[in-house]
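6 protein chains.
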Amino acid sequence: MSERIVVINPNSTTRVTEGIDQAVRPLRFADGPAIDCLTLAEGPPGIETQRHVDGVVAPLCELIRREDNTADAFVVACFSDPGLHSARESTAKPVLGISECAITQALGLGDRFAIIAILPASVARHRRYIRQLGLAERFAGERPIGVGVTGLAGDEVGDRMSDVARALVQEDGADVLIMGCAGMANYRARLEDETGVPVIDPSQAAVTQALGAVRLGWTTPSAGRG
Amino acid sequence: MSERIVVINPNSTTRVTEGIDQAVRPLRFADGPAIDCLTLAEGPPGIETQRHVDGVVAPLCELIRREDNTADAFVVACFSDPGLHSARESTAKPVLGISECAITQALGLGDRFAIIAILPASVARHRRYIRQLGLAERFAGERPIGVGVTGLAGDEVGDRMSDVARALVQEDGADVLIMGCAGMANYRARLEDETGVPVIDPSQAAVTQALGAVRLGWTTPSAGRG
Amino acid sequence: MSERIVVINPNSTTRVTEGIDQAVRPLRFADGPAIDCLTLAEGPPGIETQRHVDGVVAPLCELIRREDNTADAFVVACFSDPGLHSARESTAKPVLGISECAITQALGLGDRFAIIAILPASVARHRRYIRQLGLAERFAGERPIGVGVTGLAGDEVGDRMSDVARALVQEDGADVLIMGCAGMANYRARLEDETGVPVIDPSQAAVTQALGAVRLGWTTPSAGRG
Amino acid sequence: MSERIVVINPNSTTRVTEGIDQAVRPLRFADGPAIDCLTLAEGPPGIETQRHVDGVVAPLCELIRREDNTADAFVVACFSDPGLHSARESTAKPVLGISECAITQALGLGDRFAIIAILPASVARHRRYIRQLGLAERFAGERPIGVGVTGLAGDEVGDRMSDVARALVQEDGADVLIMGCAGMANYRARLEDETGVPVIDPSQAAVTQALGAVRLGWTTPSAGRG
Amino acid sequence: MSERIVVINPNSTTRVTEGIDQAVRPLRFADGPAIDCLTLAEGPPGIETQRHVDGVVAPLCELIRREDNTADAFVVACFSDPGLHSARESTAKPVLGISECAITQALGLGDRFAIIAILPASVARHRRYIRQLGLAERFAGERPIGVGVTGLAGDEVGDRMSDVARALVQEDGADVLIMGCAGMANYRARLEDETGVPVIDPSQAAVTQALGAVRLGWTTPSAGRG
Amino acid sequence: MSERIVVINPNSTTRVTEGIDQAVRPLRFADGPAIDCLTLAEGPPGIETQRHVDGVVAPLCELIRREDNTADAFVVACFSDPGLHSARESTAKPVLGISECAITQALGLGDRFAIIAILPASVARHRRYIRQLGLAERFAGERPIGVGVTGLAGDEVGDRMSDVARALVQEDGADVLIMGCAGMANYRARLEDETGVPVIDPSQAAVTQALGAVRLGWTTPSAGRG
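Read top to bottom, the protein sequences are chains A, B, C, D, E and F.
Following this note's numbering, the numbering of the first sequence begins with 1 at its first residue and continues without gaps.
Following this note's numbering, the numbering of the second sequence begins with 227 at its first residue and continues without gaps.
Following this note's numbering, the numbering of the third sequence begins with 453 at its first residue and continues without gaps.
Following this note's numbering, the numbering of the fourth sequence begins with 679 at its first residue and continues without gaps.
Following this note's numbering, the numbering of the fifth sequence begins with 905 at its first residue and continues without gaps.
Following this note's numbering, the numbering of the sixth sequence begins with 1131 at its first residue and continues without gaps.
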């Protein structure tokens, strides 16, 4: 079995890539697709502004083209889904965004989803995206923890995540939570314990769908299809 | 690895169960969960009315309880998602409906999804469900082929499926199609060839998500959680 | 005048049926339709879970068929509208659900409606239904009193109803309230006094529309019409 | 029993008032409210423009104040619901608009409603109103017959009504129709026969709800309540 | 250059007209359209109820017809947009409402808009209008200051405006504010300083669009066009 | 008066820039802001794919920073609004996108807007954007003429524009049209003549709003504000 899913962390922080790699381990099977997690060297340490989002599109598409011959599916592993539609124009292989996958996955695990964001500036950007997906009717809210990507390993991050998670459930009425950054993966179990609702790691959601795409032949809109 | 996904065909037509079994084969891995497809003996030959939908809930929940000790996730494999929320009250294991999974999966494979239905009476029932999911903004339309579940092996079914698929793409503007019955699985390749857009077999979509649920610990709303 | 409206309380608590019977008394006229309130003996004491909802469909439809010859309209008098669409397939007579009727009636009595629920588990079920009706844009919210159907005669229920009603008006912005259980009928006057907004008893709303259906020949979707 | 429902036809065409009077006859009971249909002498022969709509508000409110002492509920019987909210400020009694009542009634009689309009200019006005009611998600469409209010008794009107009704059902997908003018009452039976779907006369829908308002004490937003 | 924009204050309080006149001064150019601000003598001191709204339509349309020969565009300068569609039937020139213009302008200046209202009774009226415009998805909320039009020059109005503005931003999540009355113009700078978000004076928004209408030939729906 | 609006055509086709320059001429006043139309030399000849959209963001923001000292407002003159939110992070001056401005402007000129696109691939991109703006409820449709940006001066373009415009009005029900490319400016008059509905040139709409922004101090979300 030589199938291969390529997961690209579009920021340059390898600790984040390692966290993704560990998070998707349960989706690796003896005779299943390889799941390779790559770091986009040209990316910023964290994608925290729209400039960052737009800035990684070119090197991301370049990396996708370089890997295209040996990949069967791509996952863009940043919660802003940077360059998702450009990436889809760059390859005929399916390209999945972790934000889109996490949000659509959440629809089946609860009635109203909410997002734990890193920074306040992310909130309006994500709200625009949720409207773009046509899913605002199921959206309970979003709150930031006030910590950037490179600070996610800090001592107090867990407590802030817990506070925000509880507020989203108890005040905003969410019954399923999404961690709004690929770098939050290791907090999932703690948040589920504390809130009692399912918590989605977006990289896990996307790789699950990539598994389906590879094995079942799902395609995403591409230059070869459009 | 002793994980096990139980897929229940709530109609009593074993040919449909066999089709599901074959469709989900690519999701079986050497060290992955077993995927067992069961037939609900108490079900009608096809679920074609709301009476059929409501009528299978009790035996379906009974079957789920019987299998509960050895199952890690359940899939209800009828496109009306009969008894989905009752089933979730009957077990602490995740329970997935193939309609909900197919529709949420479609959101990532195209901009506007459409459904190929069996009978005209299905259309209003599905439209209610799409509104219930809050997804009407992405819904392009639905058209019936005019054939019931037990007639799906008939000679002219393929041609009718093609006609309806083409109309949904060309007239209604869909760019991703969902086959609105678990018994349509074997027409997927033909429809993709003829329309050029991805076609989702709902059982495949649901078992993919069940794989994620089992391996990643996702839960659906249940009596144990509610 | 031999017209007859059959109101079915799908739970087996006769006190609830008696409350409905009393609530609809103002809609009985000397030369108007008889309004007969029946108790579904096979129902549970209260319908409080999705299992309860789905479980009463078969005996409910059976009762409708038994009464069909002498009835001109049916009302299903549980706020979850159990089996509404199955019931409509079981008779050519109009079948009205008290939840659907209460909510559509509320649209004309205020700008934003809210619901007083019995138990927390009802809230997500009702929210799904409101989305299914396409009416989420007018929905202000729902709060439970934390008392099951059979406890509605308890001493403190009135106070809890008042607290919830006030919160729905003052905090959630509702200007019309719906009592989310057929067994709450006798609290209507008190809640209107305390909140200053109209409060809808769902059985009253449904029987009013049934009166129109019988006298004016309105039909609901049925097997005979579909 | 001295209860009294006052139905006001805000155009000055008495033939329309007579049609309303006849249409609501089945809602008169020996011991029920009187239903008196009045003509607004100051109104134009037909309300066909926004100027007409706004122009009748003052005399309409004046008439309501004159009748206020002896009325228990008012119905404004023009499908543009002229002055509905001003009327509600003019009396503490409930005031119902036939358009609002017909549309909310339609929600229970089918899945997607459509409107038969008189003139093309009505269509955008009604579409604004349906959005205002928050009900666009259930709206299948509207088509005009191209005949003004005073022409509704003409020979060919029935045929035009039939053509429009059929197009709304067969092409636009409606499964319940609303006649978009109080003057169309006598075509209801024919349209139901020809289309096989329920057809709502808006005056009948509003008087049914007025019956409930009078007998059950429903109120609409008013100066005394707001 | 003899182009002329006629701005009509439909209440009779000349202080409000003077405030509008001053607010739109930056839009007067040496070779641009004249911007004349007129007071509707027949209007009430402030438009605070639906009766007021409907009551000014006739004299407003009369004034528009009197000015029609020398005007190139009209602005109706009351935040309830009284008689907007009637006014458009009264002239072939473009007619703009300050509420519609302020709200559509706000869509480009922030993600979620909120409104500072004068009286509590305005809130439901504006909510209906926002739904009518189809813009509820971007609406963060509305709060009244509890002061009528003629009281807007009072000493404590600025403080109340500030309190409400802050609540709309901090509690309701707005990132752009609209002053919901033409008479609030002189508080704009203070509110922007205190909240840090843009604050729209609706008369300024409408005259800007009127400038475009006059110079670029935009039309609004009228009797001559419809 | 040294105010200055900088309009940036992000494609490198100077003919398009010249067309914009001519289209916005009526918005230049003797004592008003200068309106300078610049060409982004680094842009592709036409922006026709998502790759093009994302590819111009970096040089566009660079150009904005270079002009920042002497500009009071920026207009991004491509109908895909490339880099709009990145541009807003790059300057404290207001930045307007011609697509956002055209669509919000259209809301006041008709009830349902439609878009004339260049290529089929634009349609899904624009539909996503309209959902992102939360304006799908007012959207009548979009049709492509099948001609790229550099082909817009061709002989048959006018006829194709006319055909598409008529279909949008007559079949899709639009009553206001938007030309979906900055390079279509010179067809506006012809289309208005032929369809009888207003046709919006997006550059004109955006510069009108920029005029307001400069003269009235409107801001858009920026790094300095966020």
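The C-beta atom is built at its ideal place from N, Cα and C for all residues, glycine as well.
None of the values given here were measured: they were computed from a predicted structure.
Of the residues T1179/F, V1277/F, S1352/F and V1344/F, the one whose Cα lies closest to the Cα of A1203/F is V1344/F. Interface criterion met: the Cβ of D111/A is under 7 Å from a Cβ in chain C.
Taking 7 Å as the CB threshold, E993/E lines the interface with chain D.
Only residues of its own chain outside the window of five on either side were considered, and among them C1191, I1194 and R1195 have a CB closer than 7 Å to the CB of S1220/F, listed in chain order. Taking a contact to require three or more Cβ pairs closer than 8 Å, the region 498-505 of chain C and the region 530-537 of chain C qualify as touching.
The three-state secondary structure of I1135/F, taken from DSSP, is strand. Under the Cβ criterion (8 Å, minimum of three pairs), the region 204-224 of chain A counts as touching the region 325-341 of chain B. A straight-line Cα-Cα distance of about 60 Å links P485/C and R251/B.
Note on the region 563-607 of chain C: whole alpha helix (DSSP H) runs with a minimum of 4 residues are 572-584, in chain order. Unbroken beta strand (DSSP E) stretches of 3 residues or longer found wholly inside the region 265-332 of chain B: 299-302 and 321-323, given in chain order.
Only those residues of the region 799-829 of chain D whose C-beta falls short of 9 Å from the nearest C-beta of chain B are listed: E815 and R816.
Taking 8 Å as the upper bound for CB-CB distance, I776/D and A883/D are in contact here, some 7 Å apart. Under the three-state reduction of DSSP output, L335/B falls in the coil class, being neither helix nor strand.
For Q1339/F, the CB contacts under 7 Å within the same chain, skipping 5 residues up- and downstream, are L1226 and C1231 in chain order. Spatial neighbours of V1051/E in its own chain (CB-CB distance under 7 Å, excluding positions within 5 residues in sequence) are listed in chain order as I1022, G1058, V1061 and R1064. If you look at M1291/F, you'll find it isn't in any beta strand (DSSP E); it sits in the alpha helix (DSSP H) that goes V1287 to Q1300. Assignment of beta-bridge partners to D1079/E by DSSP yields no partner. With a 10 Å radius around the Cβ and a threshold of 16 neighbouring Cβ atoms, R1268/F comes out buried. Listed along the chain, the chain C residues whose CB falls inside 9 Å of the CB of Q887/D are Q557, G560, T660, Q661 and G664. About 10 Å separates the beta carbons of L620/C and V651/C, which is beyond the 8 Å limit, so they are not a contact pair.
Straight through space, the alpha carbons of T240/B and A408/B are spaced by roughly 12 Å. DSSP, reduced to helix, strand and coil, places A182/A within a helical segment of the structure shown. About 6 Å separates the beta carbon of V527/C from that of V659/C, a gap short enough to meet the 8 Å contact definition. A direct Cα-Cα distance of roughly 29 Å separates A1353/F from A1266/F.
In the same chain as P1274/F, and ignoring 5 residues on each side of it, the C-beta atoms closer than 7 Å to its own belong to A1247, I1248, L1249, P1250, S1252 and V1253, in chain order.
C739/D reaches chain E at R955, counting residues in chain order whose Cβ is nearer than 8 Å. Along the length of the region 647-677 of chain C, whole alpha helix (DSSP H) runs at least 4 residues long occupy 654-668, reported in chain order.
Per DSSP, the unbroken alpha helix (DSSP H) holding V242/B starts and ends at T240 to A249.
In this structure, DSSP gives D1323/F a helical state, which the three-state scheme calls helix. The distance from the Cβ of A592/C to that of A617/C is about 12 Å, inconsistent with a contact at the 8 Å cut-off.
By the criterion of a C-beta distance shorter than 8 Å, A1315/F is surrounded in its chain by G1149, I1150, Q1152, A1153, M1309, D1331, S1333 and Q1334, once the five residues flanking it on both sides are discounted. The Cβ-Cβ distance between A1188/F and S1142/F does not fall below 7 Å. Burial state of N973/E is exposed, judged by a 10 Å Cβ sphere holding fewer than 16 other Cβ atoms. V1186/F and F339/B have their C-alpha atoms spaced approximately 31 Å apart.
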